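Residue numbers for the sequence shown, in this note's numbering: 1 to 261.
Every residue, glycine too, gets a C-beta built ideally from N, C-alpha and C.
Quick caveat, the model's predicted, so the values are computed rather than measured.
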Amino acid sequence: MASREVLLRIRWEIFRVVDKSFNVDEYVASTDSVHDAVTWAEQLGSVLKKGDFRLYKWISNCLQVTESIPLEERVDARMLMLFQNTMHDFFTSSVNMPERTITRRGIHEGIASFYDPRGLSAVDVQITENERTFWFAFLEHMRKVENISFPRCMLAPDMDHSLIELHILCYVSDEKACCRLVLAKPRVAPLEVQTIPRLELTAVVLAAGIGSQLQTELDREFAEVVFWTDSAIVLNHIRNKSSQLKTFVANGVSTIRSLIK
């Protein structure tokens, strides 16, 4: 009976992983246990193989997990320009700007090698001295990207996992704290001119949506979720219990209240 219960637990975990940890055909999951990671890799591969789906290009920040994967099914830790340093568990960037003749076509090819944009190159003509200066300055700045790295793991092993708080900053705060960046989401202001209070309300609505999304998607219980804004007008709108608000404000406040519970 005990073996059956263990098997059922493993299968349930695999089904949960398949349901929550796939983005199209990319599988990304995290666990504190090396044993669980090895078991998930083995069981998940076995389950998907029954449907003629093969998982390969495995990578892990744990050497024990990596060594449990057949050598032919592993892959270098690179996603577009992003590299994962599995030894130190950091993401780093690699910039290899080609040395080309400094013409419009050469500049477009250099940009394409970094951003991989879609579109046609401009006519191959010489550029002005100011454009050359700007381009060389851009190359110099891009090479400095290689000096930037940030930890892949949001919850480091030496952190207290029993008391996790989620803070959503939707405007500006000068306070300093030890924290990890979970998600940053910019939004371009509408072409139609908007007042600052309207934009601040839109920012808080966006923050409320992000907070709700993170609490749903992240497999963690937060001790507290805190939303930050320095907009006194928006805070007063949220505290306002009357229904005499203009349509735009009323809709925004209603959305915020429904998402922040």
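Asked, Found
"Alpha-carbon to alpha-carbon, S212 and P190", "24 angstroms"
"F134 - containing alpha helix (DSSP H), residue span", "129 to 143"
"Backbone secondary structure at S149 - three-state DSSP", "strand"
"Residue nearest to T86 in terms of C-alpha spacing, selected from V253, W40, W58", "W58"
"Which residues DSSP lists as bridging T103, in chain order", "Q126"
"Inter-residue Cα distance where the pair is K50 and Q43", "11 angstroms"
"Straight-line gap, R132 to N240 (C-alpha atoms, nearest Å)", "56 angstroms"
"For V34, the nearest candidate out of I107, S60, D89, G45 (CA to CA)", "S60"
"Inter-stretch contact at 8 angstroms, needing at least 3 Cβ pairs: the stretch 220 to 234 / the stretch 161 to 168", "yes"
"Supposed close pair I256, I238 - CB separation, criterion 8 angstroms", "6 angstroms"
"V205 classed as buried or exposed, judged by whether at least 16 other C-beta atoms fall within 10 angstroms", "buried"
"Selection from E67, V47, D32, V182 that minimises the alpha carbon distance to W12", "V47"
"Delimiting residues of the beta strand (DSSP E) encompassing V225", "224 to 228"
"C-alpha gap between H88 and L214, whole angstroms", "26 angstroms"
"Limits of the alpha helix (DSSP H) - the one that F248 falls within", "247 to 259"
"V28, buried or exposed, once every other Cβ within 10 Å from all chains shown has been counted against 16", "exposed"
"Short Cβ contact (8 angstroms threshold) for I69 with R104", "no"
"Pairwise C-alpha distance: V253 and I260", "10 angstroms"
"Close-in-space but distant-in-sequence residues of the same chain around E73 (CB under 8 angstroms, 5 per side omitted)", "L55, Y56, K57, W58"
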